[in-house]
Amino acid sequence: DVKEVQMLHWWTSGGEAAALNVLKEDLSKEGFAWKDVPVAGGGGDAAMTALKAMVAAGTYPTASQMLGYTVLDYAEADVMGDLTETAKKEGWDKSVPAALQKFSVYDGKWVAAPVNVHSVNWLWINKAVMDKIGGTQPKTFDDLIALLDKAKAAGVIPLALGGQNWQEATMFDSIVLSTGGPEFYKKAFNDLDEESLKSDTMKKSFDNLATIIKYVDPNFSGRDWNLATAMVIKGDALVQVMGDWAKGEFVAAKKTPDTDFLCYRFPGTDGSVVYNSDMFGMFNVPDDRKAAQVALATATLSKSFQSAFNVVKGSVPARTDVPDTDFDACGKKGIADLKAANEGGTLFGSLAQGYGAPPAIANAYKDVVSKFVHGQIKTSDEAVTQLVQAIDDAR
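For the sequence shown, my numbering assigns the number 610 to the initial residue and increments by one for each residue that follows.
(1) Using a Cβ-Cβ cut-off of 7 Å (strictly less than) and excluding sequence neighbours within five positions of residue 862, which residues of its own chain qualify?
(2) Report the residue from 931, 984, 895 and 934 whose alpha carbon sits nearest the alpha carbon of residue 669.
(3) Where does residue 718 fall in DSSP's three states?
(4) Taking the C-alpha atoms as reference points, what is the distance between residue 982 and residue 714?
(5) Residue 1002 to residue 711, Cα distance in whole Å?
(6) Can you tell me which residues form a DSSP beta bridge with residue 735?
(7) Can you tell me which of the three DSSP states residue 885 falls into?
(8) According to DSSP, simplified to helix, strand and coil, what is residue 767?
(9) Give me the Cβ distance between residue 977 and residue 999, rounded to the nearest whole Å; I'm assuming they're in contact under 8 Å.
(10) Hey, residue 679 and residue 902: beta-carbon distance below 8 Å or not?
(11) Three or more C-beta pairs closer than 8 Å, one from the region 921-939 and one from the region 763-776: is that the case here?
(12) For residue 653, I'd like the list of residues in its chain whose CB is within less than 6 Å of its CB, leaving aside the five on either flank, ordered along the chain.
(13) Determine the DSSP secondary structure at residue 1001, reduced to helix, strand or coil.
(14) Report yes if the CB atom of residue 963 is closer than 8 Å to the CB atom of residue 676, and no otherwise.
(15) Since residue 923 and residue 856 are thought to touch, with beta carbons under 8 Å apart, how far apart are those beta carbons, to the nearest angstrom?
(16) Going by beta-carbon coordinates alone, are residue 656 and residue 648 separated by less than 8 Å?
(17) So what does residue 617 bridge to, in DSSP terms?
(18) Quick one: residues in its chain with C-beta nearer than 7 Å to the C-beta of residue 850, no 5 flanking neighbours on either side, listed in chain order?
(19) Verify whether the separation of the beta carbon atoms of residue 893 and residue 689 is less than 8 Å.
(20) By alpha-carbon positions, which one of 752, 927 and 906 ends up nearest to residue 916?
(21) Go to residue 627, then tell me how far its alpha helix (DSSP H) extends in each direction, as first and last residue.
(22) Between residue 693 and residue 719, which are expected to be in contact by the criterion C-beta below 8 Å, what is the C-beta distance as a whole number of angstroms?
(23) Taking the alpha carbon of residue 621 as the point to measure from, which residue in 870, 866 and 854 has its own alpha carbon closest?
(24) Count Cβ pairs between the region 818-829 and the region 698-706 that sit closer than 8 Å; are there 3 or more?
(25) Would you give the residue range spanned by the alpha helix (DSSP H) that residue 789 belongs to?
(26) Terminal residues of the continuous beta strand (DSSP E) containing residue 554?
(27) With a floor of 3 residues, list each beta strand (DSSP E) that falls wholly inside the region 794-869, ordered by position along the chain.
(28) Give the DSSP bridge partners of residue 891, in chain order.
(29) Taking the beta carbon of residue 984 as the centre, do at least 16 other beta carbons fall within 10 Å, making it buried, or is it exposed?
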């Protein structure tokens, strides 16, 4: 149907579905129906497999949720649409940060509409548990370990984690930034500098991962990320290290920052933001389906939607000119942090989340981190060797 928006995405948790409803309602007001093509799996790997099959069969969706480098892959394959006229009319050039334009503009053409900016270097803490154990905000990695020890002594699961490769690697992004600092993170995970990848600092990062992973519960393997968030919401666990999509789950559960939960930057990463952004990659659909696509793109980057959606999603707007009025304390902090990192040159793409390097390299990275977590790689030395090898093979 030409009055229908077909959207492939992996937003299937409570907080994510609530955020997506904001967009569905906006479009239905303009007379466009919505057809979901949802594929569960928090990192989007299953969704990308489904998308590949659709594109190969020539059945393009109107748009698909995508992460950075994937947009560029499809643009290179010449299957993306051209939103440049809409972008000009709506002033995207001026309002969308350069870091996002790098992934939404290809060969001078707008091929994707950025929906949000998420960042991964956060701690999400249950405040009641924190008060019960007399914990304070950890400022260093050692502080964090001491805090996890307190939770353990009190009989609470210290660290809520799902043992899936993308969750483990998302946490490792923060550990590397904390261990090596901003310059090191950029060199290793954005520039893929071999000296940095095989350095003692990277070994120390794996040592730190080995230390923190001792604080998960025995049932962590294979757990979905939102179930790990639920453990913190319920007070079964103290802390989750996760991107701010986790906040969408707290919001959906009617929880309030500073009263029910705490949002801190991962210790040692203050002043830097490791980001990813959900993009709606726009496909080269037949002319009679283009009106629906333009409506989707226009709605996605309207200021009202950018505020309403991101308040619910836990992310911050993909435009720099959206007021933070409706955002809670964590959201306001996220917006301020993003602005400061953008201006200070400490805004870095998340390797685990598709913004550090192309998909083949990101997948190789997630694989090595996961093998280390699950004991198939025994030592930090071996992990670093395998990481360099895997990235080389994937280049």
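Cβ atoms here follow ideal geometry from the backbone N, Cα and C, with glycine treated the same way.
In brief:
(1) 842
(2) The residue among 931, 984, 895 and 934 with its C-alpha nearest the C-alpha of residue 669 is 895.
(3) strand
(4) 36 Å
(5) 25 Å
(6) 870
(7) strand
(8) strand
(9) 5 Å
(10) Not a contact, by the Cβ cut-off of 8 Å.
(11) no
(12) 619
(13) Residue 1001 carries a helical assignment under DSSP once its states are collapsed to helix, strand and coil.
(14) yes
(15) Taking C-beta atoms under 8 Å as the contact rule, residue 923 and residue 856 qualify, at a distance of about 3 Å.
(16) yes
(17) 646 and 673
(18) 732, 780, 783 and 875
(19) Yes, Cβ-Cβ distance for residue 893 and residue 689 is below 8 Å.
(20) 927
(21) 623-638
(22) 5 Å
(23) Nearest option by C-alpha distance: 854.
(24) no
(25) In the DSSP assignment, residue 789 falls within the alpha helix (DSSP H) that extends over 774-789.
(26) There is simply no residue 554 to check, as the chain begins at 610 and stops at 1004 in what is shown.
(27) 846-850
(28) 672
(29) exposed
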